[in-house]
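Top to bottom, those sequences are chains A and B. The numbering of the first sequence is numbering that gives the first Met the number 0, which starts it at 0 and goes up by one. The numbering of the second sequence is numbering that gives the first Met the number 0, which starts it at 0 and goes up by one. Glycine included, every Cβ here is placed at the ideal spot set by N, Cα and C. First the structure, in the form of structure tokens, and then the observations on it.
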Amino acid sequence: MNLLPIFGTGQFPLALEFIPALIIGFGFGFVLERSGFGRASVLVAQFYGHDMRVFKVMFTAIVTAMIGVAIASGAGVVDLKAIYVPETFLFAHLVGGFVLGVGFIVSGYCPGTSIVGFASSKWDGLVTIAGVVVGSVLFGELYPLVKPLYLAQAKGVLTFSDLLGLRFEVLAAAVALFAVALFAIAEKAEGYFSRRRALEAPNTMTPVAKGALGTLIALALASTAFLLVPQDSDAGRRPKVHVTRIDAAALAKRLIERPRGIMLVDLRGPEACKAKRIPLAYCFDQIAAQIENLPSNRPLVVYGHSGTKHLPKQLSRFTGKVYRLDGGYQSWSEHVLRKPDPKLSPADYRLRLAVHSHFTGQTMQRPAPVVRPTVIRRKSKKGGGCL
Amino acid sequence: MSQIKEKPLWNPYIAGVALGLVLLAAFLVLGHGIGASGASSRLGVFLMNGVSESHVHASQYFARYFAAGSHVLNDWLVFMVIGIFGGGLVSSVLGGRNKSEIVKGPRVGVGWRLIAALSGGILMGFAARLARGCTSGQALSGGALLSVGSWIFMLAVFAGGYAVAALVRRQWQ
Chain A
0 MNLLPIFGTG QFPLALEFIP ALIIGFGFGF VLERSGFGRA SVLVAQFYGH DMRVFKVMFT
60 AIVTAMIGVA IASGAGVVDL KAIYVPETFL FAHLVGGFVL GVGFIVSGYC PGTSIVGFAS
120 SKWDGLVTIA GVVVGSVLFG ELYPLVKPLY LAQAKGVLTF SDLLGLRFEV LAAAVALFAV
180 ALFAIAEKAE GYFSRRRALE APNTMTPVAK GALGTLIALA LASTAFLLVP QDSDAGRRPK
240 VHVTRIDAAA LAKRLIERPR GIMLVDLRGP EACKAKRIPL AYCFDQIAAQ IENLPSNRPL
300 VVYGHSGTKH LPKQLSRFTG KVYRLDGGYQ SWSEHVLRKP DPKLSPADYR LRLAVHSHFT
360 GQTMQRPAPV VRPTVIRRKS KKGGGCL
Chain B
0 MSQIKEKPLW NPYIAGVALG LVLLAAFLVL GHGIGASGAS SRLGVFLMNG VSESHVHASQ
60 YFARYFAAGS HVLNDWLVFM VIGIFGGGLV SSVLGGRNKS EIVKGPRVGV GWRLIAALSG
120 GILMGFAARL ARGCTSGQAL SGGALLSVGS WIFMLAVFAG GYAVAALVRR QWQ
């Protein structure tokens, strides 16, 4: 049984996540500052070749976390499938990355390091933060124009594991070896560019650094031993399915807060499912054969046309929690896809409208005018007012 | 704060291991990586909401921040950024690096430097929304999980930086 991750599996209220998020953020900010990333001149040195600190820190961090994940998932401590992986949108990532890189060299910071810069009393960092806020708002304002680019070439969650058909542990070891080779090149390049500008080369490949990188390589190679362990180790006992009910509003809320925190399965049959389904839902016929491979620490929500009485036999192979959507797809379309009734209370109306807009992508209209009974205010005779 | 003598930075490889362990903690505890630019976006929407509520609620992109029914700033991303600020503050004070300053090369004035910081920030804010994350959320977090899009993003960031570096050299050297 996987114990981790603690959050993201729907077992704990999301608000509890704020405390670890704060602590992890603290560690992140602390290490970034110790790396020198609270100072624009240290960050931009990367792009002039004489000090590739940014590249070294970033790549070592990626390799360290990757090997950690490989070991934890290989040992069965963490469920790799329950960790959120950003979806791939080829054009948005290509264009967004390039523009962010230009912004990086112009401002001297990236969004995260600008916060560390500000925290170290670097006022250009604060101005960069202001720019990031303005740029984000600008994106929202121009969204209708950039939407085609934002959504083009959507590949869903796509990892190099999926692409190459190799286990995570193998790729982690390959990336670790590749990174160390690149570090050796980076050290040489620094020497070259430093000599050209008559600077002292950083020479960061100290015995301690060599020891750390050597340990990483050893751990990466050792983690490939987990390949001998079959991936599906906890499929032994199969408890009976307990089905809990969930209504459309609660489902919509969970999907918005954490789209990948639950798995949705459409039971209405292949044609109906292909034509129209709840976002992120799988059609049952597509996944029927692999139900046992679904991560058991994320709840599975199933729905039919209206109420579903008989659940398919295959579901009993799923070892996690199963929910049934009350009223099925019909209830979903009534509560979420249909425009809400303006006669609802303003707070309800606004919430329903936001949910409706989130799932349909339709621009929202202004909130309905609140009709208040006209009350004629009489001036208080006792005085004391400000009039 | 200037009483503390400036201490040397960590060796980048050791700092990288430490940063990787923080990222690993995020994966194992939170079930997702680190995020920095999301909070700025939420702050922007919060400020806009103060100016014109109906305008923000009518926006196709911003509506998602209200859809869950909670306050715009009530999100783990905001707490993480408060943590990043706190960590940066403590480390810079202890390291003797917390000095009020505008970082720039000797050949540009303060005005130009701040205009560049603002423009670069605007580009990054826009780009981070387009790419659904920045160097923290995409390059580091998605990169460590071997997401194809995150690696494309990361290579594109370096490409963008190197492409323009020669043009803005004056600002730094």
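Starting from L314(A), follow the alpha helix (DSSP H) in both directions and report where the run begins and ends. For this step, residue 314(A) is matched to residue 315 along the first sequence. No alpha helix (DSSP H) contains L314(A), which DSSP labels as neither H nor E.
By DSSP, does F25(A) sit in helix, in strand, or in coil? Residue 25(A) sits at position 26 when you count from the first residue of the first sequence. It is helical.
What residue from G37(A), V174(A), T243(A), I70(A) has the CA that sits closest to A118(A)'s CA? Reading the first sequence from its first residue, position 119 is the one you call residue 118(A). Scanning G37(A), V174(A), T243(A), I70(A) for the CA closest to the CA of A118(A) turns up G37(A).
Going by DSSP, what residues sit across from E100(B) in a beta bridge? By 1-based counting over the second sequence, the position of residue 100(B) is 101. Partner(s): K121(A).
Tell me which residues share the same chain as E50(A) and place their Cβ nearer than 6 Å to its Cβ, disregarding the 5 neighbours each side in the sequence. The residue given as residue 50(A) occupies position 51 in the first sequence. Before going further, note that residue 50(A) is Asp rather than Glu in the sequence given. If we look at D50(A) and ignore the five residues flanking it on each side, its Cβ neighbours are A44, P201.
Compare the C-beta of E16(A) with all C-beta atoms of chain B and state if any pair is closer than 7 Å. The residue you call residue 16(A) lines up with position 17 of the first sequence. Chain B, which has a Cβ nearer than 7 Å to the Cβ of E16(A), makes this yes.
Distance between E5(B) and R96(B) (C-alpha atoms, nearest Å): Stepping through the second sequence from its first residue, residue 96(B) is reached at position 97. Stepping through the second sequence from its first residue, residue 5(B) is reached at position 6. Spanning the two alpha carbons is a distance of roughly 6 Å.
Proximal residues of chain A, C-beta to C-beta of G132(B) below 7 Å: Sequence index remark: in the second sequence, residue 132(B) carries index 133 (1-based). Residues of chain A passing the Cβ test: P85.
Please classify K239(A) as buried or exposed, where buried requires at least 16 neighbouring CB atoms within 10 angstroms. The residue given as residue 239(A) occupies position 240 in the first sequence. Note that K239(A) scores a pLDDT of 48, beneath 50, so its modelled location is shaky; the value from the coordinates is reported in the next line. Flag for K239(A) reads exposed.
Taking only beta carbons into account, state which residues of the stretch 87-111 of chain A come closer than 8 Å to chain B, listed in chain order. T87, F88, L89, A91, H92, L93, V94, G95, G96, F97, V98, L99, G100, V101, G102, F103, I104, V105, S106, G107, Y108, C109, P110, G111
Out of V68(A), K338(A), K342(A), T87(A), point me to the one whose CA is closest to L352(A)'s CA. Along the first sequence, one-based indexing puts residue 352(A) at 353. Closest option to L352(A), Cα to Cα, is K338(A).
Can you find a CB in chain B that lies within less than 7 Å of the CB of R38(A)? Position 39 of the first sequence, counting from 1, holds the residue named residue 38(A). Output row for R38(A): interface = yes.
Which same chain residues, not among the five before or five after I121(B), have their C-beta less than 6 Å away from its C-beta? Working through the second sequence from its first residue, we reach residue 121(B) at position 122. Answer for I121(B): no residue qualifies.
The alpha helix (DSSP H) with V156(A) in it runs from where to where? As a first step, residue 156(A) is located in the first sequence; it is residue number 157 there, counting from the start. No alpha helix (DSSP H) contains V156(A), which DSSP labels as neither H nor E.
Cβ separation of Y83(A) and H31(B), assumed to be a contact under 8 Å, to the nearest whole Å: Taking the first sequence and counting its residues from 1, one reaches residue 83(A) at position 84. Taking the second sequence and counting its residues from 1, one reaches residue 31(B) at position 32. Confirmed, Cβ separation roughly 4 Å.
So which residues of chain A does R169(B) contact, with C-beta pairs closer than 8 Å? Along the second sequence, one-based indexing puts residue 169(B) at 170. One finds nothing in chain A with a Cβ atom closer than 8 Å to the Cβ of R169(B); even the nearest lies about 12 Å away.
Quick one, which residues of the stretch 142-168 of chain A are near chain B if we go by CB-CB under 9 Å, in chain order? Y142, P143, V145, K146, L148, Y149, K154, V156, L157, T158, F159, S160, D161, L162, F167
Residue closest to A247(A), alpha-carbon to alpha-carbon, out of W331(A), Y149(A), G75(A): For this step, residue 247(A) is matched to residue 248 along the first sequence. Nearest option by C-alpha distance: W331(A).
By how many angstroms is the C-alpha of Y322(A) removed from the C-alpha of L254(A)? Reading the first sequence from its first residue, position 255 is the one you call residue 254(A). Reading the first sequence from its first residue, position 323 is the one you call residue 322(A). Cα-Cα distance, rounded: 14 Å.
Interface partners of E100(B) on chain A, CB under 8 Å: The count along the second sequence starts at 1 and reaches residue 100(B) at position 101. Neighbours of E100(B) on chain A, chain order: S120, K121, W122.
Sort out for me which residues DSSP pairs G171(A) with in a bridge. If you number the first sequence from 1, residue 171(A) lands on position 172. Per the sequence shown, the amino acid found at residue 171(A) is Ala instead of Gly. Per DSSP, none; premise fails for A171(A).
Tell me whether the beta-carbon of A171(A) lies closer than 7 Å to the beta-carbon of M65(A). Position 172 of the first sequence, counted from the start, is the residue given in the question as residue 171(A). Position 66 of the first sequence, counted from the start, is the residue given in the question as residue 65(A). Closer than 7 Å, so yes.
Alpha carbon of Y328(A) to alpha carbon of V354(A), nearest angstrom: For the purposes of this step, residue 328(A) is taken as the residue at position 329 of the first sequence. For the purposes of this step, residue 354(A) is taken as the residue at position 355 of the first sequence. So the two alpha carbons sit approximately 16 Å from each other.
Length of the line joining the Cα atoms of G190(A) and R196(A): As a first step, residue 190(A) is located in the first sequence; it is residue number 191 there, counting from the start. As a first step, residue 196(A) is located in the first sequence; it is residue number 197 there, counting from the start. Distance between the alpha carbons of G190(A) and R196(A): 10 Å.
Chain B within 7 Å of L3(A), Cβ atoms only: As a working note, residue 3(A) is residue 4 in the first sequence. With 7 Å as the cut-off, L3(A) counts as an interface residue toward chain B.
Grab the span of the beta strand (DSSP E) containing A280(A) for me, first residue to last. Numbered from its first residue, the first sequence carries residue 280(A) at position 281. Where A280(A) is concerned, the enclosing beta strand (DSSP E) stretches over 280-282.
Since F227(A) is in the alpha helix (DSSP H), which residue starts that stretch and which ends it? Locating residue 227(A) in the first sequence gives position 228, counting from the first residue. Per the sequence presented here, residue 227(A) reads as Leu, with Phe not at that position. Unbroken run through L227(A): none, as it is neither H nor E.
7 Å is my cut-off, CB to CB: does P238(A) come that close to chain B? As a working note, residue 238(A) is residue 239 in the first sequence. Legend: pLDDT at P238(A) = 41, less than 50; position of this residue unreliable, no value from coordinates given.
Using a 10 Å radius around the Cβ and a threshold of 16 neighbouring Cβ atoms, would you call F157(B) buried or exposed? What you label residue 157(B) is simply residue 158 of the second sequence in a count that begins at 1. Counting Cβ neighbours within 10 Å, F157(B) comes out buried, since at least 16 surround it.
Between which two residues does the beta strand (DSSP E) harbouring R131(B) extend? Stepping through the second sequence from its first residue, residue 131(B) is reached at position 132. First-last for R131(B): undefined, no H or E at that position.
Please confirm whether V43(A) has its beta-carbon closer than 7 Å to some beta-carbon of chain B. Working through the first sequence from its first residue, we reach residue 43(A) at position 44. Chain B, which has a Cβ nearer than 7 Å to the Cβ of V43(A), makes this yes.
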